[in-house]
Every structure is written in structure tokens, then in C-alpha cells.
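Undergrad: One structure, as C-alpha cells, below. Some questions next.
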Amino acid sequence: MDAVSFVMGEKTSSLRVKRLSDLIHGASIGQPVSRSASVTAVFELEDGKEKRFTRSVQGSSSDHRINKEAVSSQVYLAELERLGINAKAKNFLVFQGAVESIAMKNPKERTALFEEISGSGALKDEYERLRSEMLKAEEETQFTYQKKKGIAAERKEAKLEKEEAEKYQRLKEDLSDKQVEMQLFRLYHNERDIERLEHDLEKKQHDVKKVEKKREKAEEQLKEKKKECGKLSRDLAKVEQDIREMEVEINKKRPTFIKSKERVSHIQKKLESARKSLTQAKKADAAHEQDIRELEDELAEVDAKKREYEDMVAGESQSKGRDVHLEDVQVQEYHRLKEEAAKRSAMYLQQLDSVNREQKADQDRLDNEGRKKSEMENRLRQKGHEKDEAQKRIEKLAEHIKTSESALEDQKRMREDLQSDVGSSKERVQELQKELESVLEQLGDARVDKHEDSRRKKKQEIVENFKRLYPGVFDRMINMCQPIHKRYNVAITKVLGKYMEAIVVDTEKTARQCIQYLKEQMLEPETFLPLDYIQAKPLKERLRNIKDPKNVKLLFDVLHYSPMDIKRAVLFATNNALVCETPEDAMKVAYEMDKNRYDAVALDGTFYQKSGIISGGSLDLARKAKRWDEKHMSQLKALKEKLTEELRDSMKKSRKESELNTVDSQIRGLETRLKYSKTDRENTTKQIAQLEVELDTLRNKSENFGPSIAEIERTMRARDQQIQEIKENMNNVEDIVFAKFCSQIGVDNIREYEERELRTQQERMKKRMEFENQRNRILNQLEFEKTRDTRNNVLRWERAVQDDEDALETAKQAEQKQMADIERDMRELDSLKSERLAKKTEVDAMEDQIGKARREMGGIAKDIQAAQKQVTALESKIEQRRADRHSILKQCKMEDIGIPMQRGNMEDIAQESSGIDTTNETSSVENSSLSTQQIYDRESRIVIDYGQLPDNLKELDENDEVKKMGNKLERAINDLQHTIQRIQAPNMRAMQKLDLAREKLQETNEEFEAARRAARKAKMSFERVKKDRHDKFMDCFEHVANEIDNIYKCLAKNQSAQAFLGPENPEEPYLDGINYNCVAPGKRFQPMSNLSGGEKTVAALALLFAIHSFQPSPFFVLDEIDAALDNTNIGKVASYIRDKTSTLQTIVISLKEEFYSHADALIGICPDAGECLISKVLTLDLTQYPSHLAS
């Protein structure tokens, strides 16, 4: 299929390769790689001639040849089209899988297929271009037409504008006359007001000078009094400074005195303890000396006994030597015989040596056990001494702990006493100082006035008398209430009114009693609010939810009150009144919010009552509202006095802080020593317990030595018997050998001589050992006792007692000296306090005089301030009038209003200087004001001519009349201006506009005619191309539509089968889709997508054969179109193709016997035998064989 498509001129993109070089097969085995490939198609023409079409590929390019002559691809394709081969429409072959895709094409894709077959697609670009040109020409025609209509309307409008311009000019002239009259009226009355205000200003300035002279005199008096007060204050401050320094000095000395006192107490207790320890040390030293003397006596006694024994042994040896004395010859004979006996008794001797060694080892063990037992006994005695020492230490520690605990309790009681006075005075002083600073900041620079207003003070005294006499009296309303914010002060003052000073009482009876008291004392009348008598309306909760206007609140909610018992009185006074931000909001809430009316007050004091009465704020109301601030100020003053007094008391208490710190340090020292003593006692107790355990262990070990020693002695006794037996055997031998020798020396046997000498030596050795052991034991004990230096301990405690006695005497002297110093300072402090009291009285008197002078100065200052305010107000008014005159003149200049002038002209009217030197920013304000003054001076030279101003406008004297007339003139000008504005500033050049509109209309008519001609021409060209495209498309479509039904019936072998084509756009079918529907035999109509695979294939083949019949190609190649067909449908399709063999040469690629069994010839493709990669072609002519269809 690729070869057929390639030779028929298909593009590379339509082939199943990415590039042309992929079409080259490659190389056979043993041959070089091919670089070219070609395909040739041979056509047999009707006249019997052949025409060869060859297309070859060289690398990545291809060339075309017809009958071996190279041609271009366009010529190549044109020749194929003359033979009926359309490469673009692919009317000569159907690829594998293309059948079903053709059946499933959407209508648009089907239209594109028909455009390719019919050739109408070649006209598509020209069709679109001409259509676009036609639409553009029509739009241009429509645009020109609309432009023509617009210019005609402009011509009509120009006529109207001309008429309006004439009317507008007349109104402008009237307006100019009115404006001149209005400005002359304003300037005339402005100049008259300036003259009147300047006269009043001169008079007020004279009054100010008089008051200032009075103020200077009062200032001199106040200055003198301040000088005297300053001197007294400095004297008072010096005395207070001396008092503070004295108090500081006393406070410094008092901790030292307390410390000295504690030191005396501590040294006394320490001295008592040292004396007790000295007594115990002396007792221990005496006992120790006694033990040493006893041990030394015992050692001397042992040494004496040892010497006596040695003397006795020496005497015995001499006596025995004299009894048995051997000659040298006999001694030699004894040794010879001994050797001979040893030779004879060698075996017994070996046994005796062995047993003696064992006996000696046991004797060493016995001596070792004895030595260990002695050491254990020494350790027992040593541990016993340590235990006794520890017991004594525990007793001393217990006594020391008891003493320390007693001292600690005393110190803690002293600390509690100090803490009850001091407490947390330091923190409290800091808190009070912070609170006092806050209060002073709120008070600002205002001095605390000690002389309140006498009337208000008397009124408060009346309330205090009521509270004292009658229990049901609460207080004045103003004292128990406070606004949540000062912005509500005026509003609350307005609503409460007379009830601000009202006194709240519990019952009507209490009120009557208070009234009777007022009458008796001949005091001013008061207003009372008995809680059981007044009729208070309940609070309306819904008024708390008002959203429009915003920030509307109940007056009750913006007022804090205390105690809660007076709630009924607060409800009665507020009466559900509402507070609003502005008077407009208050009026809206009072009268317009809903059907009901409410009392509403604005923040500025404007009060709208539901009865219809409206009252505004006033200066008097603002003055009354200051009572809340004065009340707050009075509270701050009282709080300041309270905090000052409390701070003074706290400062006095804080002076004992150093004493408390000293006591705390002593307590910490005692607690530390007590802690260490208890720890030492616990450690000593643990040491005693450990010593007891060690003593028990040592006793157990000591007891274990007895059985061990007894066992060794028993073993040695048994071994002694064995030695005796061996010796007897040896003796028998010795008796025979020494028989003659014994008779010579006069002994029964030789052992008598040897035993006597040996026993004597052993006894002596044993006795010496006993003496040595006793002596070693005494020496060890004596050495241990001497190591215990109890004498130094006695000397140390004697020195400690002496040192403590000296320290106690020194401490007592220091305590007495410090006590005398403190008493002297206290007397001096009392003297200074008396002096301070006298100075303070003088200062207070002088401050009273200064306060009086200041009040006088305040009154004068208020007078000056009031006069200066009046002067400033007059100057401001004059300045305002001059500014008004300048504004009027500037307005006249800017609006070009021609004011008649006797002197000067419009050029003398200047604007404020805008040319201030910006390089000198510091003098910008001064230069600006100077420039303004220069402008006023310059304009003052202008003299206006008021001759045009009517006399009735000059004769107005009252400000109201002037204002009314000015408003009247202004309304007249405004009416004219509104009239002129409604004309909307007509075009004064309307005539020129009219001529221009006529010229434009002529030009537009010519453009319109040209556009109509161009549109007509474009439409004719488009209709021609449209007709050609329509004819070509419809020729193909009608042919296919007429043929497809018959072809589908033939393929289906059933006349009930139906296939039909329908255009979606019958007028221009190539613009929209073509619908293709089939009704399979024996089935109802359904969409193509719902048909089975075989039915879709048959329907697609019917469409392919119908399209092919429009422009039949010389041959038709079909690639495996039977893939989705069953045997029945294969037979039907094969029969149809066979019936068309007379008019159609069909080449079918198929793998199914049912299909290719109908063919006239078979062509098989298979690999050649061997290692060659070239395919082998097998052909078979079936016409030589009988058809199986006939059978």
C-alpha cells in the first residue's frame, strides 16, 4: 500500500513513515546498503499503449518520471488526474482501518471529503476572499449612509444653535448689569461696616490699656509676696532636709545598734557554751592523764617482772651447768653418736621433720590468730573510744541546736514585730509614688486649691449633716453619677437639669425630715428624690438596638452610678432619653424614627422633647457641664491628699526596713548554723550507728577467734602425741647407740639430758613471749592514749573563753555608746520637727496671701482676656471685611465685571502674592502676611463710583435688611445664571458651523454613491464564485446521493435496506455538514454509532463505492476491508465487486478464504528461501479453474 500510495504521488505525511529515506528497504546479505528506491506503475491505455509512471527516492528527496522522462510533481499529478487518479481525494485506494473511520466521520468531515472529490474545495479560498470583500463593501456603504444622516442632522442643529446664540447674548448683557449692581451694593455696605468697626476698635483698645496698668500693679504685689514665700519655703525645706538627714542618720545607726545588741547576746551565749565545753574538756583531760599514768605503772611492773625472770633463768642455768658438764671429748663423742643414731633412725627423722614442719606451721597459725585477736581487741577499744567521743559530740550539738533554736525563735518574733510595722512598705511606697504621679499628671499644672468655693462647700456640709442625722440619705445625684466619657457631659447635664444637684433619699418621710431641718436652720431650699415616691418608667430595651442613625444610645447606658440602690432615681431623671451624635440625628430619632416620639439630646446640648419643645445648647449649659470636670478635679485633689498622707506614713514605716534586713540576715545566719548543726548531728548519729555495727562485727570476729585457736591447739596436741611416738622409736635407736655413753655421763638415757635442756629452753621462750605480748599490748594502748591530745583542747577552750569574755566587754561598750548617740539624735530630731511645724504655719499663711493675690490677678487677667478677645474680635471682623472687599474686587476682576471707579482701575486689584521667595522658608509666613497687607493698602486707594447704585439700596441701615436685599439680588443673578446654564452655552460661531455642515453633506453624498457601486461589483463576483462552487459540489453530491441507496441494497442483498445522504444547509451545503444514515435490513432506524462493526463496514463501503462511481479511477485498491465482516457479509461484498469487474478493476488485500476465493487471480507475497531479505511474489490465475460459485 505504501508503494502504491508513493507512486500515485502521495505526500510523505500521508505515508506510514516519518521521512522518505525510511521507504528504502535496506540491503541484502553481503551487499552494500541501498541509498535509493523506486516504484513504477504501468497503465495500459485504451489504444493499447502503455504509460509508465515512476517515482524514486534518493536520500531524503524524490523525483518523478513519466515514460522515463523527468517531470515536476505538478505535471506528474496532472497526468494522473487525466487518467482518473486523484491523489488528494485518494479515490484509488482504501487503507486498512479506513473503512470504519469513513463510516464514523462527522458531518463536517464528510463535507470536506465531498469537497475534495467534487473539486469545489479549490474554490474555497477565493470564495472566502470574495465574501469578505463583499461584506466589507456593504459595511462601508452602511457607514457612509450613517455618516450622511449625521451630517444632515448637524446642519439642522446648526440652524437651532444660531437662534439660541442670539438669545444667549441678550441674557449675558442683562446678567452683567445685575452683577455690577450686586457688587456695588456689597462694596458700599462693606466700606460702611469697616468705618464703624474701626471706631469701635479704638474705644476698646483704650479700655485694654487701663486694665493692663492695673495688672502691672497687682503683679508687683504678687511678686513681693512670692519672694517672701520663697524665702520661707527655703527655710522650711532646709529644716525638712535636716530632719530627713537626721532620720537617715538615725536609721543608719539603729541597725548598727540592733546588730550590736544581737552581738552581745550572741557572745554571751557563745561564752556560756565555751565555758561548758571547757569544763568537759578539763574532765576529759584529767581522765586521760589518769589512764596514761595507770598504763605507765603497768608497763613498769611488767618490765620489773621480766627482769626478775631473766635473773632467775640465769641462776638456774649456772646451777644446771654445774650438774651436767660434758668434756670436749665427750661432746665430740655425743655428736658422733648423734650422727650415727641419725643414720640409723633416718626414716624416723624424716617422719619427725615432716611432723615438726606441720607442727611449726600450726604454731605459726596459732601465733597469727593470737596476733589478730590482739589487734581486734585493740580495734575494739579504739572504736569504743570513738563511739564515746561521738556520744559526747552529740550531747554538745544537741545543746547548741537547742540554744540556736531558742535564738532563732527570738529573732523571728522580732522580725514579725518589724513586719507588722513595715510590711511591704517599700513596694507600697513605689505604688503610692506612681499613683501620686498619675494624679498630678491629671491635675496638670493646676495647684491644689485649699479654699474651695464656700457655697459648694456649705452645700456638701449640708448633705454630710443629713447623712449623720438621717440614715436614709444617700448623696447628691452629681456625686453618685459619672458619665462614661466626657463627650457626654453636656448632653447628660442638659437632660438631668435641676436633678443634678438633687439629694436622693430612701423614703418620702426622710425627705420631709430634711426639709424641716432646712427650714429650722434657715438654709436654701433643696430638691429631694424619695425612691419610694418618684414614678420611674421602666427601661425600654428595644431602644438599645437602634441601627439608624448610628451611635444612638440610652442616656441611662452612658451614665455610671453607685450605689445600685439609686437605680430608680437615675431612671426617673433620665426618663428613657436618647443621646445622639448630631442635632439632625436627635431630631430624626425624636420625631421621625417611628410612630412614637422620644426625648433625644445631641452631644452639643440640643434637646428635642417628645412634647415638641426644642431647646438648644448655651454657654450656661457648657458652664454647668464643667461641674463633671470640677467634680473629677475635686476627687483627684482628695485622692492626692489621701495618697500624700499614706505616702508619708509608709515612708516612716520604711525607715525600719534596714532593721528588718539586719534581723533577716541574722535569721538566715542562725538558720544556716542550725542547719549545719543538725546535719552534723545526723552525720554523727549515723557515725555512731556505723561504729556500733563495726563493734558488733569486730566482737563477732573476736568471738570467732576462740574456736579457731582451740581447733589449732587440739590439732597440735594430737600431733605432739605423734611426735612422741616417733621420738620413742628414735629413742629406742638412740638408747642402743648411746647406751655406753649414758653410762659414762651418769644418765639413764640420752633423752633425759636433751629433754631437760630443751624443756628448759622452751619454757624460757614461752615466758619471754608472754612478757613481750604484755609489754606490746601496754605500749600500743599507751601510744594510742598519748595520740589523744586532750590538753591542747583544754587550752583551746580556755583561750576561746578568754576571747569571748573580751569580745563581750567590747560589744557592751559599743552598744552603750550607740544607744547614747541614738538618744542624742532623737532629741535633736524632736527639736527640728517643732521648728518645722512653726515654719510650715508661716508658709501656709503666706501661701494663703499669695492665693488671694493670684485670684485677684486671675480676675484682672480675665478682664484683660475678655477685653483682648473683644479687640481681637473687632480686628478679625475688620480683617474679614477687608478680605471680603478684596474678594469682591478680585471676583470682579476675575469675572470681568466692570465696576465704575472715581480713582484707580482694575489693574490695582491684585491677588495674594504667589511669588514668595521659596529659598527662605523661615520668613515665608511673614512675607505672605506683608504681601496681603500691601494688597489691602493698594486696594484702599481705589475709590468706587456709587452713582449707578440706586438710593433705595444705599439707605438700608439694619444688617437684616442688607442681608435680605443682598439675597434678593443674588437670587435674581442666580435665576439669570440658571437660565443661561440651561441654554448650555450656545455656539456663538453657529453660522460658520452651518456653512461647514453643508459642504460636508455634499462630500458625503459622493462617497455614498462610490461605496454603493463597489458593493454591487463585489457582490456580483462573489455570486459567480458561489455558483461555481455550488454547482461542482452539488454535481458530486447528487450523483453520490442517487447511487448510494442502490449500492447499499446490492451490498446488503436486501431491498429493504436504505442509505441516504442529507445536507444540513441545502442552500450552501459546503458550509455545513452532510448527514449519512443507513437502515440495516430488518432493523429500525438508528444512529451510525449504534450499528455493529459489520454494518458500519458495509455502510462505509457503500459510501466508498458511490463516491468512486462519480469519478472512477482505472483501478481500486482495498486493504483488508473484510476485517470486521462475517462470512455472509464477506460473500455479499465479494459478489458485488465481482459483478463490477467489467467496469472496475479492483485489487483487494485479504486474509480470508471466503473473500479471495471469488477473485480472478491471486498474488501472494512471502520471503524468499534462504538468507535473502527480498520478498518473493507468487501469482495464480484462477480463471483456468472452474468457479466454486457455479457449483
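Note that UniProt numbering has the sequence shown beginning at 1, numbered continuously upward.
Note that CB positions come from ideal geometry on N, CA and C, so glycine has one too.
Computed from a prediction, not measured in an experiment: that's the story for all the values here.
Closer than 8 Å by C-beta to Lys-701: which residues in its own chain qualify, once you throw out the five before and the five after it? Chain order, please.
TA: The residues are Met-376.
Undergrad: With 16 other CB atoms within 10 Å as the buried threshold, where does Ala-1100 fall?
TA: The residue is buried, with at least 16 neighbouring Cβ atoms inside 10 Å.
Undergrad: Kindly give me the distance between the Cβ atoms of Glu-641 and Leu-432, rounded to whole angstroms, as I take these residues to be in contact under 8 Å.
TA: About 13 Å separates the two Cβ atoms, so there is no contact after all.
Undergrad: Just how far apart, CA to CA, sit Thr-403 and Arg-788?
TA: The alpha-carbon atoms of Thr-403 and Arg-788 are separated by roughly 29 Å.
Undergrad: For Glu-308, which option in Asn-576, Arg-764, Asp-594 and Val-871 has the closest C-alpha, if you only look at C-alpha atoms?
TA: Closest option to Glu-308, Cα to Cα, is Arg-764.
Undergrad: Which of the three DSSP states is assigned to Lys-51 in this structure?
TA: Of the three classes helix, strand and coil, the one that applies to Lys-51 here is strand, per DSSP.
Undergrad: Looking only at its own chain, which residues have a Cβ that is under 7 Å from the Cβ of Arg-1138, when we skip the five neighbours before and after it?
TA: Cβ neighbours of Arg-1138 beyond the five flanking positions: His-1158.
Undergrad: According to the neighbour-count rule (16 or more other Cβ atoms, all chains shown, within 10 Å of its Cβ), is Ile-1165 buried or exposed?
TA: Label assigned to Ile-1165: exposed.
Undergrad: Just the Cα atoms here: how many angstroms apart are Ser-1135 and Ser-1089?
TA: Ser-1135 and Ser-1089: Cα-Cα distance of roughly 27 Å.
Undergrad: Per the contact definition of three or more C-beta pairs closer than 8 Å, is the segment 137–154 in contact with the segment 1112–1132?
TA: The segment 1112–1132 vs the segment 137–154: no contact.
Undergrad: With a cut-off of 8 Å on the beta carbons, I'd call Ile-194 and Arg-882 a contact; round off their distance for me.
TA: That belief holds up - the Cβ atoms of Ile-194 and Arg-882 are roughly 7 Å apart, short of 8 Å.
Undergrad: Determine which residues share a DSSP beta bridge with Gly-612 and list them.
TA: Bridge partners of Gly-612: none, in fact.
Undergrad: Alpha carbon to alpha carbon, how far is Leu-829 from Arg-648?
TA: In a straight line, the C-alpha of Leu-829 is about 17 Å away from that of Arg-648.
Undergrad: Roughly how many angstroms lie between the CA atoms of Thr-841 and Ser-233, to the nearest whole one?
TA: Straight-line Cα distance between these residues: approximately 11 Å.
Undergrad: To the nearest angstrom, how far is the alpha carbon of Glu-133 from that of Ala-165?
TA: Rounded to whole angstroms, Glu-133 to Ala-165 spans 47 Å at the Cα level.
Undergrad: Whole angstroms are fine: how far does the CA of Thr-932 sit from the CA of Thr-919?
TA: The predicted model places Thr-919 with a pLDDT of 37, which falls under 50 and marks its position as unreliable; any figure quoted below should be read in that light. So the two alpha carbons sit approximately 20 Å from each other.
Undergrad: Determine the contact status of Pro-538 and Val-589, defining contact as a CB-CB distance below 8 Å.
TA: No.
Undergrad: Any chance the segment 891–901 sits against the segment 250–264, with 3 or more Cβ pairs inside 8 Å?
TA: Result no; under three Cβ-Cβ pairs closer than 8 Å.
Undergrad: In angstroms, rounded to a whole number, what distance separates the CA positions of Glu-186 and Leu-956?
TA: A small fix is needed here, since residue 186 is Arg in this sequence, not Glu. One C-alpha to the other measures close to 12 Å.
Undergrad: Take the Cβ of Val-943 as the centre, count every other Cβ of all protein chains shown within 10 Å, and call the residue buried at 16 or more, exposed below.
TA: It counts as exposed.
Undergrad: Report the CB separation of Ala-390 from Thr-684 in whole angstroms; it is logged as a contact under 8 Å.
TA: The pair is a contact, with the Cβ atoms about 5 Å apart (cut-off 8 Å).
Undergrad: What whole-angstrom Cβ distance do Glu-1043 and Ala-1106 have, given they're in contact under 8 Å?
TA: Confirmed, about 4 Å.
Undergrad: Going by DSSP, name the residue or residues bridged to Val-505.
TA: The partner list for Val-505 (beta bridge, DSSP) reads Val-473 and Pro-530.
Undergrad: Checking 8 Å against the spacing of the C-beta atoms, do Leu-571 and Arg-487 come in under that value?
TA: Against a cut-off of 8 Å, the Cβ pair of Arg-487 and Leu-571 comes out as no contact.
Undergrad: Kindly indicate which three-state DSSP category Gly-1062 falls into: helix, strand or coil?
TA: DSSP places Gly-1062 in strand when its eight states are reduced to three.
Undergrad: Please name the residue or residues paired with Asp-1119 in a DSSP beta bridge.
TA: Per DSSP, Ile-1149.
Undergrad: Since Met-500 and Ile-566 are thought to touch, with beta carbons under 8 Å apart, how far apart are those beta carbons, to the nearest angstrom?
TA: That pair is no contact at about 14 Å.
Undergrad: According to the neighbour-count rule (16 or more other Cβ atoms, all chains shown, within 10 Å of its Cβ), is Asp-960 buried or exposed?
TA: Asp-960 should be labelled exposed.
Undergrad: Terminal residues of the continuous alpha helix (DSSP H) containing Tyr-1136?
TA: From DSSP, the alpha helix (DSSP H) with Tyr-1136 extends over 1127–1139.
Undergrad: Roughly how many whole angstroms lie between the Cα atoms of Thr-922 and Ile-935?
TA: Here Thr-922 scores only 40 on pLDDT, less than 50, and its place in the model should not be relied on; the value that follows carries that caveat. Cα to Cα, the separation comes out at about 22 Å.
Undergrad: On the premise that Leu-555 lies in contact with Ala-577, defined as a C-beta separation below 8 Å, what is that separation, rounded to the nearest angstrom?
TA: About 4 Å; that satisfies the 8 Å criterion.
Undergrad: List the residues that DSSP assigns as beta-bridge partners of Met-901.
TA: Answer by DSSP bridge pairing, in chain order: Ile-944.
Undergrad: For residue 1196, name the three-state secondary structure that DSSP assigns.
TA: Residue 1196 lies beyond the residue range present for the chain, which begins at 1 and ends at 1191; the question has no answer from this structure.
Undergrad: What is the DSSP secondary structure of Leu-1180, reduced to helix, strand or coil?
TA: Strand.
Undergrad: Report the rounded CA-to-CA distance for Asp-594 versus Cys-580, giving the unit in angstroms.
TA: For Asp-594 and Cys-580, the distance between alpha carbons rounds to 16 Å.
Undergrad: Going by DSSP, name the residue or residues bridged to Gln-268.
TA: Beta-bridge pairing links Gln-268 to no other residue.
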